[in-house]
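*Asks:*
There are 4 protein chains.
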Amino acid sequence: MAAESKMKTKKVAIVGASGYSGEELVRLLLNHPHVELVAVTSRQNAGQTLAQVFPKFASHPKSKALRFTEPKAELLAKLADVVFLALPHGVAAEYAVPLLDAGCVIIDLSADFRLKHAEIYREFYAHDHPAPELLKKAVYGLPEIYRDEIKKSLLIAAPGCYPTSILLPVIPLLNAGLVKPTGIIADSLSGVSGAGRKAEADYLFCECNESVRPYGLPKHRHLSEIEEQLSLAARTTVTIQFTPHLIPVTRGILTTLYLAPEKHFATEAEMKTLNEKISACYVRAYGKEPFVRLLEGKALPDTKNVTGTNVIEIAWRLDPRTGRLIVISAEDNLVKGASGQAVQSLNILSGWPETAGLV
Amino acid sequence: MAAESKMKTKKVAIVGASGYSGEELVRLLLNHPHVELVAVTSRQNAGQTLAQVFPKFASHPKSKALRFTEPKAELLAKLADVVFLALPHGVAAEYAVPLLDAGCVIIDLSADFRLKHAEIYREFYAHDHPAPELLKKAVYGLPEIYRDEIKKSLLIAAPGCYPTSILLPVIPLLNAGLVKPTGIIADSLSGVSGAGRKAEADYLFCECNESVRPYGLPKHRHLSEIEEQLSLAARTTVTIQFTPHLIPVTRGILTTLYLAPEKHFATEAEMKTLNEKISACYVRAYGKEPFVRLLEGKALPDTKNVTGTNVIEIAWRLDPRTGRLIVISAEDNLVKGASGQAVQSLNILSGWPETAGLV
Amino acid sequence: MAAESKMKTKKVAIVGASGYSGEELVRLLLNHPHVELVAVTSRQNAGQTLAQVFPKFASHPKSKALRFTEPKAELLAKLADVVFLALPHGVAAEYAVPLLDAGCVIIDLSADFRLKHAEIYREFYAHDHPAPELLKKAVYGLPEIYRDEIKKSLLIAAPGCYPTSILLPVIPLLNAGLVKPTGIIADSLSGVSGAGRKAEADYLFCECNESVRPYGLPKHRHLSEIEEQLSLAARTTVTIQFTPHLIPVTRGILTTLYLAPEKHFATEAEMKTLNEKISACYVRAYGKEPFVRLLEGKALPDTKNVTGTNVIEIAWRLDPRTGRLIVISAEDNLVKGASGQAVQSLNILSGWPETAGLV
Amino acid sequence: MAAESKMKTKKVAIVGASGYSGEELVRLLLNHPHVELVAVTSRQNAGQTLAQVFPKFASHPKSKALRFTEPKAELLAKLADVVFLALPHGVAAEYAVPLLDAGCVIIDLSADFRLKHAEIYREFYAHDHPAPELLKKAVYGLPEIYRDEIKKSLLIAAPGCYPTSILLPVIPLLNAGLVKPTGIIADSLSGVSGAGRKAEADYLFCECNESVRPYGLPKHRHLSEIEEQLSLAARTTVTIQFTPHLIPVTRGILTTLYLAPEKHFATEAEMKTLNEKISACYVRAYGKEPFVRLLEGKALPDTKNVTGTNVIEIAWRLDPRTGRLIVISAEDNLVKGASGQAVQSLNILSGWPETAGLV
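Chains as they are written, first to last, in numbering that gives the first Met the number 0: chain S, 0 to 358; chain Y, 0 to 358; chain P, 0 to 358; chain F, 0 to 358.
#1: What does LYS303 of chain F reach in chain S if we use C-beta pairs closer than 7 Å?
#2: Against chain S, does VAL334 of chain Y count as a neighbour if the rule is that its beta carbon must be under 7 Å from one of theirs?
#3: In its own chain, which residues sit with a C-beta less than 8 Å from the C-beta of GLU206 of chain S, not counting the 5 before and 5 after it?
#4: Do you know how far the Cα of LEU84 of chain P is from the Cα of GLU330 of chain Y?
#5: Name, in chain order, the residues that DSSP records as bridge partners for ILE13 of chain F.
#6: Residues bridged to LEU293 of chain S by DSSP?
#7: Is the beta carbon of GLU261 of chain S closer than 7 Å to that of LEU177 of chain S?
#8: If contact is defined by three or more beta carbon pairs under 8 Å, each pair taking one atom from either stretch, is the segment 303-312 of chain S in contact with the segment 235-244 of chain S?
#9: For THR236 of chain F, does the three-state DSSP call read helix, strand or coil?
#10: If the criterion is Cβ atoms closer than 7 Å, does the pair TYR145 of chain P and ALA156 of chain P meet it?
#11: Can you check whether the C-beta of ASP318 of chain F is within less than 7 Å of a C-beta belonging to chain S?
#12: List the endpoints of the continuous alpha helix (DSSP H) containing SER187 of chain S.
#13: For PRO60 of chain P and VAL358 of chain S, what's the separation of their Cα atoms in angstroms?
#14: I'd like the ranges of any beta strand (DSSP E) spanning at least 3 consecutive residues and lying wholly in the segment 146-197 of chain S.
#15: Answer with buried or exposed for THR249 of chain Y, where buried requires no fewer than 16 other C-beta atoms within 10 angstroms of its C-beta.
#16: So is ALA1 of chain F in contact with chain Y if we call contact Cβ pairs under 7 Å?
#17: Closer than 7 Å, CB to CB, is THR249 of chain S near chain Y or not?
#18: Under a three-way DSSP split, which group does ILE252 of chain P fall into?
#19: Do THR255 of chain S and ASP186 of chain F come within 7 Å of each other at the CB atom, strictly closer than that value?
#20: Mind checking GLY296 of chain S: buried by the 16 CB within 10 Å criterion, or exposed?
#21: Taking 7 Å as the limit between beta carbons, can you name the residues of its chain near ALA64 of chain P, skipping five residues before and five after?
#22: Who are the neighbours of VAL310 of chain Y on chain F, taking C-beta pairs under 8 Å?
#23: As a quick exercise: from S:ALA50, S:GLY356, S:LYS115, pick the residue whose alpha carbon is nearest that of GLU132 of chain S.
#24: Since ALA329 of chain S is in the beta strand (DSSP E), which residue starts that stretch and which ends it?
#25: Quick one: any contact between the segment 285-294 of chain P and the segment 217-232 of chain P, if contact means 3 or more CB pairs under 8 Å?
#26: Are the C-beta of ARG292 of chain S and some C-beta of chain F separated by less than 7 Å?
#27: Applying the 10 Å Cβ sphere with the 16-neighbour rule, what's the burial state of HIS126 of chain S?
#28: Would you check if the segment 327-346 of chain P and the segment 104-112 of chain P touch, i.e. whether three or more CB-CB distances between them fall below 8 Å?
#29: Which residue comes first and which comes last in the alpha helix (DSSP H) that contains ASP100 of chain S?
#30: Taking C-beta pairs closer than 9 Å, name the residues in chain S that GLN240 of chain F reaches, listed in chain order.
#31: Less than 7 Å separating the beta-carbons of VAL82 of chain F and LEU98 of chain F?
#32: Quick check on PHE56 of chain S: does DSSP put it in helix, strand or coil?
#33: Please name the residue in F:ASP318, F:ALA57, F:LYS7, F:ASN44 whose C-alpha comes closest to that of ARG26 of chain F.
#34: Please determine, among F:GLY215, F:VAL305, F:PHE112, F:LEU299, the residue with the shortest C-alpha to C-alpha distance to ALA298 of chain S.
#35: For a quick check, are the C-beta atoms of LYS218 of chain S and ILE347 of chain S less than 7 Å apart?
#36: Does DSSP classify TYR202 of chain F as helix, strand or coil?
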């Protein structure tokens, strides 16, 4: 307690706080023990208080004092130690450059700094990278994989929601050489909040309710960061199959992964051995992680068990009939898949307990 | 069968066929035994086939031949005997005037011709009535109440979804003098399709899912037609309390009505007598109606029992503790509350079986 | 901080922890800063850990150590200072009697101790009260109204979910004589969790999804406590009209209340004056309450703004057309309407900050 | 019309008419132009009318005359020409044997007669087959594949809902040798009605709403019929990976299939050629099928476009990055996946238009 109370509070701003990720950042940062939320910006809501824009935060003492402002880098630089960018790709970089120059730490939730190569960015995002010189400075903000790098970084690129649900289950297996880097399939189901608070007919209640549909086939933008990270883990170029689907829930991503074990298992004994290796691999990777829940026994992931939390659930099954390994993960796309994970990075780079404000 | 096969088919057009009511009209009219759907209009979808805009109709033989066009009155007048207008209020009248002049029958789903008085229209719709001279010619298209007038009319104003759910249960009771015309309360719950296919943030999946909320308090536009019709039934000016709520279903309106019986009931015998009078009143009014279902025994209305049909369910309870009569109705807002009822009027004025294309 | 750290932790048990209210108590008490959760009971889950029964709590350090046990009063009495009963009515009293005798504080979420009169209990619950001698000792656990009594009580009867949504908005108005105690109507919409985790066909997903329906008309059990409490506030016998409806959300109650102001308002000036009186009345009653949110301006309650919190939202509108006052409230039926409010009472009687573990 | 009116009406009974498939059969058969529904059975509802058990059918003239009876084979044999069995596996065979002996045609919706080999049945259903001698007589009731056999059969085994969604897209490709019979993955998402009207906690609204979860991994019972049928199409033993998931919709199955083309495609020209071959293959197989909708252009399947209809939507994409073929199908699990398809078989074996009662 003594140690905690000595922790220096940081002043934090959120640029683009009126979307779903931004709103979730507001929720988490308003209640974070070591954070003072000093600014929230939104073009459309400038001038309004937090309480007016988000009635659900109206009981918080700060909600009537804090007003949305226009996003102006020079102003934010004066107010904040850390700036979260919850903006569309392409736009985020515009703010990152001057804010970094002014000495702020940037935690960016867009795709702008997730990739190592500007040409891959152009291939997947269909425009030139707005600040390619920063790509080298950025750290991919997946705490369970890049904790040490996050500690020292000034520019964190928080991973996408789908990538998080795929990378956390697959990276340890590739690292350990337990599965082949080829033929990986990720079949993902996402809640509608993943589409953002855009007033588009496709995301109207009546279009999503009693509906399930794939979209973005076969080359979704998130493939770029997924494959880059998997390639790093496998130390070889990895190309995966990824199919996102929209399902009628507000929050949650469930990903079912189809993987080929490196080692063939034919007998029950071989299957048992492989199962133990996978289990050991996951326990080694995540056994002490506060936000990764390895399911045991007959339990399988269910988005309703992680909604509103920063936890990702992971379970797996070997199928002796097909020789495949099935791994399933569940996360809240707005928390572990976006804002919660971003706050986790903030905790790490600030030297705070990693779970601060997240439980 | 012989009689039916002699029935003359009518050529029908739908103006504004890309909204939810328009889409429902397409569904009903494509499968109507005496209708040839000759034109569908939509500014935004002009040039596309029915199958392209509404994949769910793509198995219908006509869906690939019929293309959306720009809405042009002179063209429609040449093609169609009957024109359905599924347009916003204010806009519908623009089409009604020339089409009526050209000899078409108009069935209008907007609010433009529902009221008798242009000044009431202005009070509730905040602009001058675009064609006040037509108000006298229009018939309020509530078939169970105005069947005879509908038979002879060239301009039908299909009632609003909320009004239908209120008027059908209340009018017979007022007609029979069983309830007081004062103090009526209508508490209504509507599915999100009632808001139309508008790309507004309020109707996004994530804003409606896991949400219930009232809106438009305390003076919703539909009050104008509700009160006008109730006043006619009661032969005195009726003012009611009406609270609409938005609930997370695609289709359905459930209305709970609080009414004061004219006759006080204190003993069990008085209650039994009153119950029998109400029952007799409803059976007299609706016992032979194909689309009104009077619930018996312990059954209570449930929107899922009427969804996709032109049926309205009605049940009632006397409460000896409060002396009140509670009446509950359930309907599909897009069918009995809009397009189905409009087709019912088409059947009546065409001399076809009233249920044609509706079961 | 110093004061807080000196606060004595209490040992708390939950009897009937496998239902929805019980699960919500587990969630709140696991994370309560001054509570040690020492026992959870459930006949059907006895022997299993918290983590096994509720995977979503599996990341909590206690979830693997704490096992469900059979509910045995003598054992609980040894372990716990405070026992929450989340049991059906009739059963709760069985545990309350021996546990009170053994010196435990009881916070009961059932209906067993909410009424002052055993004969009213029998009328509404259809069996004799199991421990009528305790009725006098029990305090109705509505903190905003009975805070002082709760401080001194050993037996708290946490109010029902519907009653909370009705009493908090109406009591101040009756206390202040602003509305008539006659003719009150409460039209309530509840999420399905209100029915409990009962495996009954009526509450299956396919029966509730895309469905809205009233039920329990016209004499719901909750009327007994609602009318008793309103009568106390009005100092006269109050009989109300109450219609519950089931809507397809997991959590949330929205109640729309129809009230008659004591004072007639005809002119705009009279309406303004009355509006100010109501506003002043509510601010006096709840202006400093941490869990009552009085909505201002055009905002109206929405269950999604209170879900997962202990907050009740209240808004009102005067309708000059009908002379009525409409008051609307929204709460989470499992939090403010059940477990959260029960924890609020625990905080009060323990001398802890009233918001401990609730924000 | 003349031809149609000469069509002999058949007397039809439904055994097990109170589940979701049974209810859907009732809906379809009540409105079928050539069917007289003469009996519906249900142990739990015996004695009640159709209108009482299913309020939504109460407007149908027959709904008050037709009463549920106990299921008694001798009685049914006297009443009906055709008997639909909507019973659990193991139980269906008990009725099939005596009814076939009595000369009835049987259309069975259970799994009892879908497999060719009793030992496979025992492996997947964990009990001995109750009437193995009938397996040879049964025809797998997938009309698009076995139309000729259905015409001549007295015992139709209507396929399972998941199998239909997998077999229709895959069989033509295997038949044509366009995809490899190895490595097939079927990732399926099902609405909750697939679980039947069982009062189990897992299927309560609150457990399914805002939830997505896989289940039955890795060896779901439906694999037996899927693999048997695929093996027939491929003329070699096929083993597939199949992962069912439960999603919060009432109706609908969406299946995403991952297939390996027999022919490698590297250049754009090769991809174009392969695409044309697949297109030609599907058009050949289904171009004239009234209930298979091959999607063109950018359209992708969406369950809301097939809900309530007997249509299955199919779309495909070649992925040049992975060399895979992705095929997606959408159907209503209760219609094309169960009762609608069963009625389609009835139409075929009766010599009626295949779409009778289904559009």
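All C-beta atoms, glycine included, are put in the ideal place defined by N, C-alpha and C.
*Replies:* The answer reads as follows:
#1: The contacting residues are GLU209, SER210.
#2: No, its Cβ sits nowhere closer than 7 Å to a Cβ of chain S.
#3: Cβ neighbours of GLU206 of chain S beyond the five flanking positions: ALA200.
#4: Roughly 41 Å separates the two Cα atoms.
#5: According to DSSP, which records beta bridges pairwise, ILE13 of chain F is partnered with F:VAL39, F:PHE83.
#6: LEU293 of chain S pairs with S:ILE313.
#7: Yes; because the gap between Cβ atoms is below 7 Å, this pair is in contact.
#8: No, because fewer than three Cβ pairs between the segment 235-244 of chain S and the segment 303-312 of chain S fall closer than 8 Å, the two stretches do not touch.
#9: Secondary structure of THR236 of chain F (DSSP, three-state): coil.
#10: ALA156 of chain P sits away from TYR145 of chain P, with the two beta carbons spaced by 7 Å or more.
#11: Yes, ASP318 of chain F counts as interfacial toward chain S.
#12: SER187 of chain S -> not in any alpha helix (DSSP H); beta strand (DSSP E) instead, spanning 184-189.
#13: Answer to the nearest angstrom: the Cα atoms are 12 Å apart.
#14: With a minimum length of 3 residues, the unbroken runs of beta strand (DSSP E) contained wholly in the segment 146-197 of chain S fall at 154-156, 184-189.
#15: By the Cβ neighbour-count rule, THR249 of chain Y is buried, with 16 or more other Cβ atoms within 10 Å of its own.
#16: In this prediction, ALA1 of chain F scores a pLDDT of 41, lower than 50, which makes its location untrustworthy; no coordinate-derived value is stated.
#17: Yes, contact with chain Y.
#18: Correct three-state label for ILE252 of chain P: strand.
#19: Going by C-beta atoms, ASP186 of chain F is nearer than 7 Å to THR255 of chain S.
#20: With fewer than 16 Cβ atoms within 10 Å of its Cβ, GLY296 of chain S is classed as exposed.
#21: Nothing meets the Cβ criterion.
#22: In chain order: SER58.
#23: Comparing alpha-carbon positions, the option among S:ALA50, S:GLY356, S:LYS115 lying closest to GLU132 of chain S turns out to be S:LYS115.
#24: Run containing ALA329 of chain S: 323-330, per the beta strand (DSSP E) assignment.
#25: As far as the Cβ criterion goes, the segment 285-294 of chain P does not touch the segment 217-232 of chain P, which means the pair count is below three.
#26: It does not; no Cβ of chain F falls within 7 Å.
#27: Per the 10 Å Cβ criterion, exposed.
#28: Segments in contact, yes.
#29: For ASP100 of chain S, the enclosing alpha helix (DSSP H) stretches over residues 91-100.
#30: TYR257, ASP318, ARG320, THR321, ARG323, ILE325, listed in chain order.
#31: Yes. Within cutoff.
#32: Helix, per DSSP.
#33: Answer by Cα proximity: F:ALA57.
#34: Measuring from the Cα of ALA298 of chain S, the nearest candidate turns out to be F:GLY215.
#35: No, Cβ-Cβ distance for LYS218 of chain S and ILE347 of chain S is not below 7 Å.
#36: DSSP, read as helix, strand or coil, puts TYR202 of chain F in helix.
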